[in-house]
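Numbering that gives the first Met the number 0 puts the first residue of the sequence shown at 0, with every later residue one more than the last. Written below as structure tokens is the structure these notes are about.
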Amino acid sequence: MRKTLSFQPYFCPMDQIIALIKKDLLVDFRQKYVVAGIALYVFATIYIAYLAFNNVITPAIWNALFWLILLFSSITGLGKSFGQEAHRSHYYYYLAKPVHILTSKLIYYGFYEILLVVLLTGIFNLFLGFPVENPSLFLVNLLAGASGLSVCFTLIASIAAKSDNGSHLMPILAFPVIIPVLLLAVTNSRKIVFGASLADISGNLWVLVCFNVIIIALSFILFPYSWKN
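If you want it as structure tokens, here you go:
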């Protein structure tokens, strides 16, 4: 009997995704100044707020400061997600599919955003307190909002990386996309700070989750075209 030859890729899809995540982790480990700079930015802004308000801060101002610092920290951290791939894209054409590249970025920078949220919450609690009556519900809304920021910034970074001025173009492109995420997340957060229950924010929370799912779906549809452009 004649044997038929079939091409088997060296890596299965999951192996490719794990290898790409390890690559991003190794790059960030070698560039410790980037991570240290983000941590310093978070600490410095919160400490300045602590000095400015003299430890007397209303829950509404606390909520606004929390999301403002999270927003600008996310832009700084996630804006580099595809900027470092500019000189490697030609190699990726032969090593990995665009879907696997995007999946690895979403997973890696999703965990990156979670670590940023943990750091921000810890330092806020240390200097400015934690005036939230329902911490578990606040955490659920925070994770939903942070996930939305992570997905939006990752998608926009992939588009901006194809231009010559990607670092300047990204905030302009990201602003209209993140507005729904911020409106829903900040509104829910303000209600939770003042004692709202799950029933009070369930509508906005479901809309926020659905918006995140839509952005992820659009990312997988649009990214292969922008990546190969």
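Even glycine gets a Cβ: it sits at the ideal position worked out from N, Cα and C.
The shortest C-alpha to C-alpha distance from I47 to any of F126, C151, E112 and F210 is the one to F126.
DSSP places F65 in the uninterrupted alpha helix (DSSP H) bounded by P58 to L77. For N187, the secondary structure class from DSSP, reduced to helix, strand or coil, is helix.
Between L136 and L39, the alpha-carbon positions lie close to 28 Å from each other. Restricting attention to L119, G109, A95 and N187, the CA atom closest to the CA of I68 is found in L119.
Membership of L24 in the alpha helix (DSSP H) is indicated by the continuous run P12 to R29. Taking V185 as reference, the option from Q15, L50 and I60 with the minimal CA-CA separation is I60. Judged by DSSP secondary structure, G147 falls within the alpha helix (DSSP H) whose first and last residues are P134 to A159. In the structure shown, L127 falls within a coil segment according to DSSP collapsed to helix, strand and coil.
The C-alpha of G144 lies about 7 Å from the C-alpha of L207. Within the same chain, and ignoring the five residues on either side of L24 in sequence, the residues whose Cβ sits closer than 8 Å to its Cβ are Y107. Here L182 is exposed, its C-beta having fewer than 16 other C-beta atoms within 10 Å. Residue state for S201 is assigned as helix, using DSSP reduced to three classes.
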